[in-house]
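Note that this note's numbering has the sequence shown beginning at -5, numbered continuously upward. Working notes, structure below.
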Amino acid sequence: MRSILTTLTSAMLLAVASSAALAEEELSLYNWGNYTSPELLEKFKKETGIKVTVTDYDSNDTALAKVRAGGSGFDIVVPSANFVPIWVKEGLLLESRPDQMPNFKNVDERWVNVSWDPGRHYSVPWQWGMIGPVVATSAYKGDINTSAIWLDPPEELKGKINVVPEKNDVLYAAIRYVGGTWCTGDKVLLKKVRDKLLEAKKSWVSMDYGIEKMDSRDTLAQLYYNGAAFRARQVNADVKLGFPKEGYSLFMDSAAILADAPHSENAKKFLNFIMAPENAALISNFATYANGIKGSNEFMRDDVKAAPELKVPAEYVAAGGWQEVCPAEVDELYTRIWTDLMK
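This is the structure in C-alpha coordinates:
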(Lines of atoms letter the chains of each structure in order from A and count residues from 1; the text may use other names and numbers.)
(Lines give C-alpha, C1' and ligand atoms only; values in the text may rest on other atoms or scores of the structure.)
Protein backbone atom coordinates (compact mmCIF):
# COMPACT_ATOMS: atom_id res chain seq x y z
CA MET A 1 0.00 0.00 0.00
CA ARG A 2 2.84 2.34 0.97
CA SER A 3 4.53 1.85 -2.44
CA ILE A 4 1.22 2.50 -4.22
CA LEU A 5 0.67 5.70 -2.23
CA THR A 6 4.24 6.76 -2.91
CA THR A 7 3.75 6.13 -6.63
CA LEU A 8 0.49 8.06 -6.65
CA THR A 9 2.05 10.92 -4.70
CA SER A 10 4.98 11.05 -7.09
CA ALA A 11 2.64 11.06 -10.07
CA MET A 12 0.62 13.88 -8.55
CA LEU A 13 3.74 15.91 -7.87
CA LEU A 14 4.93 15.35 -11.42
CA ALA A 15 1.54 16.49 -12.72
CA VAL A 16 1.68 19.64 -10.60
CA ALA A 17 5.25 20.29 -11.69
CA SER A 18 4.27 19.73 -15.30
CA SER A 19 1.34 22.17 -14.96
CA ALA A 20 3.63 24.74 -13.38
CA ALA A 21 6.11 24.33 -16.21
CA LEU A 22 3.37 24.82 -18.76
CA ALA A 23 2.16 27.92 -16.93
CA GLU A 24 5.66 29.35 -17.08
CA GLU A 25 5.50 29.19 -20.87
CA GLU A 26 2.65 31.69 -21.04
CA LEU A 27 2.40 35.47 -21.20
CA SER A 28 -0.65 37.73 -21.19
CA LEU A 29 -0.37 41.06 -23.03
CA TYR A 30 -2.99 43.79 -22.45
CA ASN A 31 -2.66 46.21 -25.37
CA TRP A 32 -4.46 48.67 -27.59
CA GLY A 33 -6.61 47.07 -30.28
CA ASN A 34 -4.99 46.24 -33.61
CA TYR A 35 -1.58 47.21 -32.21
CA THR A 36 0.22 43.87 -31.77
CA SER A 37 1.99 42.11 -34.63
CA PRO A 38 1.03 38.41 -34.93
CA GLU A 39 4.38 37.86 -36.65
CA LEU A 40 6.15 39.30 -33.60
CA LEU A 41 4.32 36.91 -31.27
CA GLU A 42 5.01 33.92 -33.51
CA LYS A 43 8.71 34.78 -33.57
CA PHE A 44 8.81 35.23 -29.79
CA LYS A 45 7.18 31.83 -29.27
CA LYS A 46 9.56 30.17 -31.71
CA GLU A 47 12.62 31.61 -29.97
CA THR A 48 11.49 31.25 -26.35
CA GLY A 49 8.68 28.68 -26.31
CA ILE A 50 6.43 31.26 -24.62
CA LYS A 51 2.91 31.67 -25.99
CA VAL A 52 1.52 35.21 -25.79
CA THR A 53 -2.20 35.84 -25.40
CA VAL A 54 -3.41 39.35 -26.31
CA THR A 55 -6.41 41.16 -24.83
CA ASP A 56 -7.39 44.49 -26.39
CA TYR A 57 -8.48 47.76 -24.81
CA ASP A 58 -9.68 50.97 -26.43
CA SER A 59 -8.38 53.71 -24.13
CA ASN A 60 -5.91 54.48 -21.36
CA ASP A 61 -8.79 54.94 -18.93
CA THR A 62 -10.21 51.51 -19.76
CA ALA A 63 -6.87 49.79 -19.17
CA LEU A 64 -6.20 51.64 -15.94
CA ALA A 65 -9.65 50.91 -14.52
CA LYS A 66 -9.38 47.20 -15.36
CA VAL A 67 -6.02 46.78 -13.63
CA ARG A 68 -6.96 48.99 -10.67
CA ALA A 69 -9.84 46.61 -9.96
CA GLY A 70 -7.29 43.86 -9.26
CA GLY A 71 -6.90 40.26 -10.35
CA SER A 72 -6.62 41.06 -14.05
CA GLY A 73 -4.22 38.18 -14.72
CA PHE A 74 -2.33 40.30 -17.25
CA ASP A 75 1.47 40.46 -17.36
CA ILE A 76 2.19 43.44 -19.62
CA VAL A 77 0.30 46.65 -20.38
CA VAL A 78 1.09 49.41 -22.89
CA PRO A 79 0.07 52.81 -21.43
CA SER A 80 0.68 56.17 -23.06
CA ALA A 81 3.36 58.52 -21.75
CA ASN A 82 1.03 60.77 -19.77
CA PHE A 83 -0.46 57.74 -17.97
CA VAL A 84 2.79 55.95 -17.01
CA PRO A 85 3.40 58.18 -13.94
CA ILE A 86 -0.11 57.36 -12.71
CA TRP A 87 0.55 53.61 -12.98
CA VAL A 88 3.89 54.03 -11.19
CA LYS A 89 2.50 56.25 -8.42
CA GLU A 90 -0.30 53.77 -7.70
CA GLY A 91 2.14 50.86 -7.48
CA LEU A 92 0.62 49.04 -10.45
CA LEU A 93 3.90 48.50 -12.32
CA LEU A 94 6.90 46.33 -11.52
CA GLU A 95 10.23 48.17 -11.44
CA SER A 96 11.61 45.67 -13.94
CA ARG A 97 14.70 47.74 -14.85
CA PRO A 98 14.65 47.54 -18.66
CA ASP A 99 17.72 49.80 -18.51
CA GLN A 100 19.68 46.80 -17.25
CA MET A 101 18.50 44.41 -19.97
CA PRO A 102 20.93 43.35 -22.75
CA ASN A 103 18.98 45.00 -25.60
CA PHE A 104 18.52 48.35 -23.85
CA LYS A 105 21.56 49.58 -25.77
CA ASN A 106 19.29 49.76 -28.82
CA VAL A 107 16.91 52.35 -27.35
CA ASP A 108 17.40 55.68 -29.11
CA GLU A 109 18.93 58.25 -26.73
CA ARG A 110 15.90 60.50 -27.26
CA TRP A 111 13.72 57.94 -25.50
CA VAL A 112 15.93 57.04 -22.52
CA ASN A 113 15.61 59.91 -20.03
CA VAL A 114 11.97 60.64 -20.67
CA SER A 115 9.97 62.68 -18.17
CA TRP A 116 7.38 59.94 -17.60
CA ASP A 117 9.97 57.23 -16.81
CA PRO A 118 13.45 58.74 -16.23
CA GLY A 119 16.14 56.26 -17.17
CA ARG A 120 13.52 53.66 -18.12
CA HIS A 121 13.18 51.74 -14.86
CA TYR A 122 9.67 50.57 -15.74
CA SER A 123 8.93 50.73 -19.45
CA VAL A 124 10.18 50.00 -22.96
CA PRO A 125 9.26 51.99 -26.11
CA TRP A 126 6.48 50.40 -28.14
CA GLN A 127 5.32 53.00 -30.69
CA TRP A 128 5.20 56.79 -30.89
CA GLY A 129 3.48 59.35 -33.06
CA MET A 130 1.16 62.35 -33.09
CA ILE A 131 -2.48 63.27 -33.55
CA GLY A 132 -3.80 65.75 -36.08
CA PRO A 133 -6.47 66.40 -38.70
CA VAL A 134 -6.85 63.73 -41.38
CA VAL A 135 -8.58 65.09 -44.48
CA ALA A 136 -9.95 63.80 -47.79
CA THR A 137 -8.30 66.46 -49.95
CA SER A 138 -10.54 65.71 -52.93
CA ALA A 139 -13.36 67.22 -50.85
CA TYR A 140 -11.41 70.07 -49.25
CA LYS A 141 -8.68 72.06 -51.00
CA GLY A 142 -7.72 74.46 -48.21
CA ASP A 143 -5.02 74.43 -45.54
CA ILE A 144 -5.04 71.19 -43.53
CA ASN A 145 -2.22 72.13 -41.15
CA THR A 146 -4.63 73.59 -38.63
CA SER A 147 -7.06 72.38 -35.99
CA ALA A 148 -9.64 74.64 -37.60
CA ILE A 149 -10.46 71.57 -39.73
CA TRP A 150 -12.49 70.20 -36.82
CA LEU A 151 -12.82 73.19 -34.47
CA ASP A 152 -13.94 75.80 -37.04
CA PRO A 153 -14.93 73.45 -39.85
CA PRO A 154 -15.25 74.66 -43.47
CA GLU A 155 -18.66 74.18 -45.03
CA GLU A 156 -17.58 71.30 -47.28
CA LEU A 157 -16.58 69.20 -44.25
CA LYS A 158 -19.46 69.94 -41.88
CA GLY A 159 -21.43 66.85 -40.93
CA LYS A 160 -18.61 64.63 -42.17
CA ILE A 161 -16.13 64.95 -39.30
CA ASN A 162 -15.17 62.29 -36.75
CA VAL A 163 -13.22 63.10 -33.58
CA VAL A 164 -11.44 60.41 -31.59
CA PRO A 165 -13.01 60.07 -28.12
CA GLU A 166 -9.79 60.55 -26.14
CA LYS A 167 -10.17 63.31 -23.53
CA ASN A 168 -6.57 64.45 -23.26
CA ASP A 169 -5.86 64.34 -27.01
CA VAL A 170 -8.93 66.43 -27.81
CA LEU A 171 -8.43 68.92 -24.98
CA TYR A 172 -4.73 69.33 -25.71
CA ALA A 173 -5.42 70.35 -29.31
CA ALA A 174 -8.34 72.60 -28.35
CA ILE A 175 -6.36 74.37 -25.60
CA ARG A 176 -3.47 75.03 -27.98
CA TYR A 177 -5.90 76.22 -30.66
CA VAL A 178 -7.31 78.98 -28.43
CA GLY A 179 -3.80 80.04 -27.36
CA GLY A 180 -3.37 78.18 -24.08
CA THR A 181 -0.81 75.72 -22.78
CA TRP A 182 -1.35 72.19 -21.50
CA CYS A 183 -2.21 71.91 -17.80
CA THR A 184 -3.48 75.48 -17.68
CA GLY A 185 -6.04 76.07 -14.99
CA ASP A 186 -7.10 79.45 -16.38
CA LYS A 187 -10.88 79.24 -16.07
CA VAL A 188 -11.51 82.08 -18.55
CA LEU A 189 -9.45 80.31 -21.19
CA LEU A 190 -11.00 76.93 -20.37
CA LYS A 191 -14.47 78.40 -20.85
CA LYS A 192 -13.35 79.41 -24.35
CA VAL A 193 -12.19 75.83 -24.90
CA ARG A 194 -15.49 74.41 -23.69
CA ASP A 195 -17.55 76.79 -25.79
CA LYS A 196 -15.40 76.14 -28.87
CA LEU A 197 -15.75 72.37 -28.51
CA LEU A 198 -19.50 72.46 -27.92
CA GLU A 199 -20.03 74.69 -30.95
CA ALA A 200 -17.71 72.60 -33.14
CA LYS A 201 -19.45 69.38 -32.13
CA LYS A 202 -22.55 70.54 -34.02
CA SER A 203 -20.52 69.96 -37.21
CA TRP A 204 -19.27 66.49 -36.26
CA VAL A 205 -21.00 63.30 -37.29
CA SER A 206 -19.37 61.16 -34.60
CA MET A 207 -16.85 60.78 -31.80
CA ASP A 208 -15.54 57.32 -32.43
CA TYR A 209 -12.52 55.09 -33.03
CA GLY A 210 -12.22 54.01 -36.62
CA ILE A 211 -10.25 55.60 -39.43
CA GLU A 212 -12.10 53.13 -41.67
CA LYS A 213 -14.99 55.57 -41.88
CA MET A 214 -12.86 57.48 -44.38
CA ASP A 215 -12.75 54.43 -46.64
CA SER A 216 -16.52 54.54 -47.12
CA ARG A 217 -16.58 58.36 -47.11
CA ASP A 218 -18.86 58.36 -44.09
CA THR A 219 -16.33 60.94 -42.92
CA LEU A 220 -14.24 63.39 -44.92
CA ALA A 221 -12.13 64.57 -41.99
CA GLN A 222 -11.05 63.24 -38.61
CA LEU A 223 -8.96 64.13 -35.60
CA TYR A 224 -6.87 60.96 -35.54
CA TYR A 225 -3.45 59.37 -35.24
CA ASN A 226 -0.69 59.55 -37.83
CA GLY A 227 -0.13 55.80 -38.24
CA ALA A 228 -3.84 55.31 -38.88
CA ALA A 229 -3.73 58.18 -41.38
CA PHE A 230 -1.00 56.32 -43.26
CA ARG A 231 -3.18 53.21 -43.44
CA ALA A 232 -6.13 55.29 -44.65
CA ARG A 233 -4.00 56.77 -47.44
CA GLN A 234 -3.17 53.27 -48.62
CA VAL A 235 -6.88 52.83 -49.34
CA ASN A 236 -7.63 56.35 -50.61
CA ALA A 237 -4.75 58.31 -52.09
CA ASP A 238 -6.42 61.67 -51.40
CA VAL A 239 -6.22 61.22 -47.60
CA LYS A 240 -3.67 63.56 -46.05
CA LEU A 241 -2.52 64.23 -42.50
CA GLY A 242 -2.18 67.81 -41.26
CA PHE A 243 0.31 69.07 -38.66
CA PRO A 244 -1.58 71.80 -36.78
CA LYS A 245 0.45 74.99 -36.55
CA GLU A 246 -1.45 75.97 -33.40
CA GLY A 247 -0.13 72.91 -31.59
CA TYR A 248 -0.57 69.13 -31.57
CA SER A 249 0.02 66.30 -29.14
CA LEU A 250 2.83 63.78 -29.40
CA PHE A 251 2.42 60.37 -27.81
CA MET A 252 4.54 57.37 -26.93
CA ASP A 253 3.07 54.09 -25.78
CA SER A 254 5.43 51.94 -23.73
CA ALA A 255 5.29 48.31 -22.62
CA ALA A 256 5.56 47.72 -18.87
CA ILE A 257 5.16 44.77 -16.53
CA LEU A 258 2.34 44.75 -13.98
CA ALA A 259 3.28 44.57 -10.31
CA ASP A 260 1.13 41.44 -9.90
CA ALA A 261 2.11 39.83 -13.21
CA PRO A 262 1.69 36.02 -12.98
CA HIS A 263 4.59 35.50 -15.40
CA SER A 264 6.99 38.34 -14.63
CA GLU A 265 10.13 36.51 -15.80
CA ASN A 266 8.53 35.73 -19.15
CA ALA A 267 7.44 39.37 -19.33
CA LYS A 268 11.03 40.52 -18.83
CA LYS A 269 12.10 38.30 -21.72
CA PHE A 270 9.43 39.96 -23.88
CA LEU A 271 10.55 43.49 -23.01
CA ASN A 272 14.13 42.61 -23.90
CA PHE A 273 12.90 40.93 -27.12
CA ILE A 274 11.06 44.02 -28.42
CA MET A 275 14.15 46.19 -27.92
CA ALA A 276 15.96 44.22 -30.68
CA PRO A 277 15.84 46.32 -33.89
CA GLU A 278 14.43 43.56 -36.10
CA ASN A 279 11.65 42.89 -33.59
CA ALA A 280 10.77 46.55 -33.07
CA ALA A 281 10.48 46.77 -36.86
CA LEU A 282 7.86 44.01 -36.83
CA ILE A 283 5.75 46.16 -34.51
CA SER A 284 6.12 49.19 -36.79
CA ASN A 285 5.44 47.20 -39.95
CA PHE A 286 2.15 46.05 -38.45
CA ALA A 287 0.95 49.13 -36.55
CA THR A 288 2.61 51.68 -38.92
CA TYR A 289 4.07 53.98 -36.27
CA ALA A 290 7.67 54.83 -35.37
CA ASN A 291 9.17 52.78 -32.53
CA GLY A 292 12.15 54.45 -30.79
CA ILE A 293 14.66 51.63 -31.36
CA LYS A 294 17.95 52.37 -33.15
CA GLY A 295 18.64 50.24 -36.22
CA SER A 296 15.01 49.19 -36.72
CA ASN A 297 14.73 51.25 -39.91
CA GLU A 298 16.83 48.68 -41.72
CA PHE A 299 14.12 46.05 -41.18
CA MET A 300 11.06 48.20 -41.86
CA ARG A 301 8.85 48.11 -44.94
CA ASP A 302 9.84 50.63 -47.58
CA ASP A 303 6.42 52.28 -47.57
CA VAL A 304 6.51 52.70 -43.79
CA LYS A 305 10.02 54.16 -43.90
CA ALA A 306 8.95 56.64 -46.58
CA ALA A 307 5.55 57.53 -45.08
CA PRO A 308 5.12 61.34 -44.84
CA GLU A 309 2.70 60.81 -41.95
CA LEU A 310 5.57 59.53 -39.79
CA LYS A 311 7.88 62.48 -40.51
CA VAL A 312 6.95 65.85 -39.03
CA PRO A 313 7.87 68.68 -41.45
CA ALA A 314 10.63 70.90 -40.04
CA GLU A 315 8.39 73.96 -39.89
CA TYR A 316 5.90 72.16 -37.62
CA VAL A 317 8.27 70.35 -35.24
CA ALA A 318 8.14 73.11 -32.62
CA ALA A 319 4.33 72.94 -32.52
CA GLY A 320 4.41 69.41 -31.09
CA GLY A 321 4.18 68.88 -27.34
CA TRP A 322 3.70 66.25 -24.66
CA GLN A 323 0.80 65.73 -22.31
CA GLU A 324 2.37 65.91 -18.88
CA VAL A 325 0.33 64.74 -15.89
CA CYS A 326 -1.67 67.76 -14.74
CA PRO A 327 -2.44 68.63 -11.10
CA ALA A 328 -5.59 66.95 -9.81
CA GLU A 329 -7.53 70.21 -9.60
CA VAL A 330 -6.71 70.99 -13.24
CA ASP A 331 -7.63 67.51 -14.41
CA GLU A 332 -10.95 67.92 -12.63
CA LEU A 333 -11.65 71.04 -14.72
CA TYR A 334 -10.75 69.13 -17.89
CA THR A 335 -13.03 66.27 -16.88
CA ARG A 336 -15.92 68.70 -16.47
CA ILE A 337 -15.38 70.01 -20.00
CA TRP A 338 -15.19 66.47 -21.33
CA THR A 339 -18.35 65.45 -19.51
CA ASP A 340 -20.20 68.38 -21.09
CA LEU A 341 -18.82 67.46 -24.51
CA MET A 342 -19.88 63.83 -24.22
CA LYS A 343 -23.48 64.59 -23.26
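Here a beta-carbon is modelled for each residue, glycine too, at the ideal position from N, C-alpha and C.
Closest by C-alpha distance to residue i, when choosing among the options
i	options	result
P263	V46, I277 and T30	The identity of residue 263 in the sequence shown is Lys, whereas the question assumes Pro. Here the closest residue by C-alpha is V46.
G221	D102, V298, R104 and P112	V298
L87	A261, A275, S278 and F293	A261
Q216	S141, F280 and T49	S141
D146	E33, E193 and V82	E193
V306	F293, R330 and K239	K239
D69	D254, K181 and V108	D254
G113	K99, W122, Q121 and M124	K99
F293	G314, T30 and L34	L34
A300	N139, A284 and W176	A284
V128	V48, W110 and R211	R211
W198	M95, R227, K40 and P148	P148
P92	W105, K83, G85 and E84	W105
K60	T178, T131 and W81	W81
V101	T329, I268 and D296	I268
V319	K37, V71, F77 and F38	F77
W332	S31, A130 and V164	V164
R227	S132, E84 and E19	S132
T329	G315, P159, R62 and S258	P159
Y219	A231, G136, W122 and G289	W122
CB contact flag (residue i, residue j, <7 angstroms)
i	j	result
G126	Y242	yes
N54	P79	no
G286	P119	yes
D50	G27	yes
L21	I44	yes
D209	V233	no
L335	L191	yes
L327	L214	no
F224	T282	yes
Y116	Q317	no
N97	A270	yes
P186	V172	Inspection of the sequence shows that residue 186 is occupied by Lys rather than by Pro. Their beta carbons are under 7 angstroms apart, which means K186 touches V172 by this criterion.
P266	M95	The residue asked about is misnamed: residue 266 is Asn in this sequence, not Pro. Against a cut-off of 7 angstroms, the Cβ pair of M95 and N266 comes out as a contact.
V157	W176	no
Bridge partner(s) assigned by DSSP for residue i
i	result
Y51	W26
E41	E41 is not bridged to any residue.
L87	L252
N107	P112
A284	W122
E20	K45
S117	A250
P96	Paired residues: none, contrary to the question.
P127	L217
| Are there three or more Cβ pairs, one per stretch, closer than 8 angstroms when the region 196 to 211 is compared with the region 274 to 287? | Contact fails between the region 196 to 211 and the region 274 to 287, because fewer than three Cβ pairs, one in each stretch, are under 8 angstroms apart.
| message | Could you tell me which whole alpha helix (DSSP H) segments of length 4 or greater appear in the region 290 to 324? | response | Entirely contained in the region 290 to 324, the alpha helix (DSSP H) runs reaching 4 residues are, in chain order, 296 to 299.
| task | Run through the region 58 to 85 for me and flag every whole alpha helix (DSSP H) of 4 or more residues, listed as ranges in chain order. | result | If we require 4 residues or more, the alpha helix (DSSP H) runs fully inside the region 58 to 85 come out as 78 to 83.
| query | Should the region 245 to 253 be regarded as contacting the region 302 to 313, the criterion being three or more beta carbon pairs within less than 8 angstroms? | reply | At 8 angstroms Cβ cutoff, the stretches do not touch.
| What are the complete beta strand (DSSP E) segments, minimum 3 residues, inside the region 220 to 266? | Here the runs fully enclosed are 233 to 235 and 242 to 251.
| At what residue ranges does the region 138 to 219 contain a whole run of the alpha helix (DSSP H), taking only runs of 4 or more? | Look at the region 138 to 219 and you find these whole runs of alpha helix (DSSP H), each 4 residues long or longer: 142 to 145, 161 to 171 and 181 to 195.
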